[in-house]
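Visitor: What follows is a single structure, and I will ask about it in a moment.
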Amino acid sequence: MADWQARKHLGDHHELRVIEELQQHGWTVHPCGQGTYPTPIQRALSACDSALRQFPDMIAARGSAVVTIDAKTRMRPHTGRYAISRACIQAGLQFAGANAPIPLYYVLGDACSDLAVLTPAEVSAYTMAGHLHPSGAYYLIDARHARPFKAVFGATPQSMTA
């Protein structure tokens, strides 16, 4: 696995891509979560096991619809699977339960692929038919289980008028 700086660099680029895609689909997007905190708070959170470490990366609205998004990029793009940490899934399930009916979506992808979407509940359900990483820290989800980005977030306003 790449070092933290390499993962952060890829993750930041993926988050920007997700924000741009959401905006193209008519969503207003605002960052939230650990990435928005001052460095001392980020460091302190990294030293504990709080679910706040896994807080969604952004919140978005279109009309009266509100969603939260956790952008997840793949470090190895050609495996046909997504790896999502067990801690992330546990925190995601807690977040979704505490904030219903606002959904939490994992927007998955990399620079070479279309964006795909899963919820924490879907990841949890698919792990029954999926694989657990040998370390036990990650669920490996077959990419075929994910829904296309457009199926969840709608068509772009330009394609709706064409």
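Letter by letter, the sequence shown follows residues 308 to 469 in this note's numbering.
A virtual CB, placed ideally from N, CA and C, is assigned to each residue, including glycine.
Note that the coordinates shown come from a computational prediction; the quantities given were computed from them, not determined experimentally.
Measure the C-alpha to C-alpha separation of Leu411 and Phe456 and round it to an integer number of angstroms.
Guide: Answer to the nearest angstrom: the Cα atoms are 14 Å apart.
Visitor: On the CB-based measure, 16 or more other CB atoms within 10 Å of its CB, does Glu327 come out buried or exposed?
Guide: exposed
Visitor: Under a three-way DSSP split, which group does Thr335 fall into?
Guide: In this structure, Thr335 counts as strand in the three-state DSSP scheme.
Visitor: Would you decide whether Asp421 is buried or exposed? Buried here means 16 or more other CB atoms lie within 10 Å of its CB.
Guide: exposed
Visitor: Opposite Ile448 in the DSSP bridges: which residues?
Guide: BP columns for Ile448 point to Tyr389.
Visitor: Apart from the five residues just before and just after Thr335, which ones in its own chain have a Cβ nearer than 6 Å to its Cβ?
Guide: Ala368
Visitor: Identify the continuous alpha helix (DSSP H) that holds Ile348 and give its terminal residues.
Guide: Counting along the chain, the alpha helix (DSSP H) containing Ile348 begins and ends at 346 to 353.
Visitor: Quick check on Thr375: buried or exposed, where buried means 16 or more other Cβ atoms within 10 Å of its Cβ?
Guide: By the neighbour-count rule (16 or more Cβ atoms within 10 Å), Thr375 is buried.
Visitor: Three or more beta-carbon pairs under 8 Å between the region 390 to 409 and the region 353 to 361, yes or no?
Guide: These segments touch.
Visitor: Please go through the same chain and pick out, in chain order, the residues whose beta-carbon is closer than 8 Å to the beta-carbon of Gln401, but skip the five residues on each side of it.
Guide: Ala358
Visitor: Any idea if Gly370 is buried or exposed, counting beta-carbon neighbours within 10 angstroms, 16 or more meaning buried?
Guide: exposed
Visitor: Tell me the DSSP bridge mates of Ile376?
Guide: Met365, Tyr412
Visitor: Ordered along the chain, which non-local residues of its own chain (more than five positions away) have a Cβ less than 7 Å from that of Ile409?
Guide: Val373, Val374, Thr375
Visitor: Excluding five sequence neighbours on each side, which residues of the same chain lie with their C-beta closer than 6 Å to the C-beta of His321?
Guide: Ala378, Thr380
Visitor: Is it true that the CB of Ala423 sits closer than 8 Å to the CB of Ala450?
Guide: A contact, by the Cβ cut-off of 8 Å.
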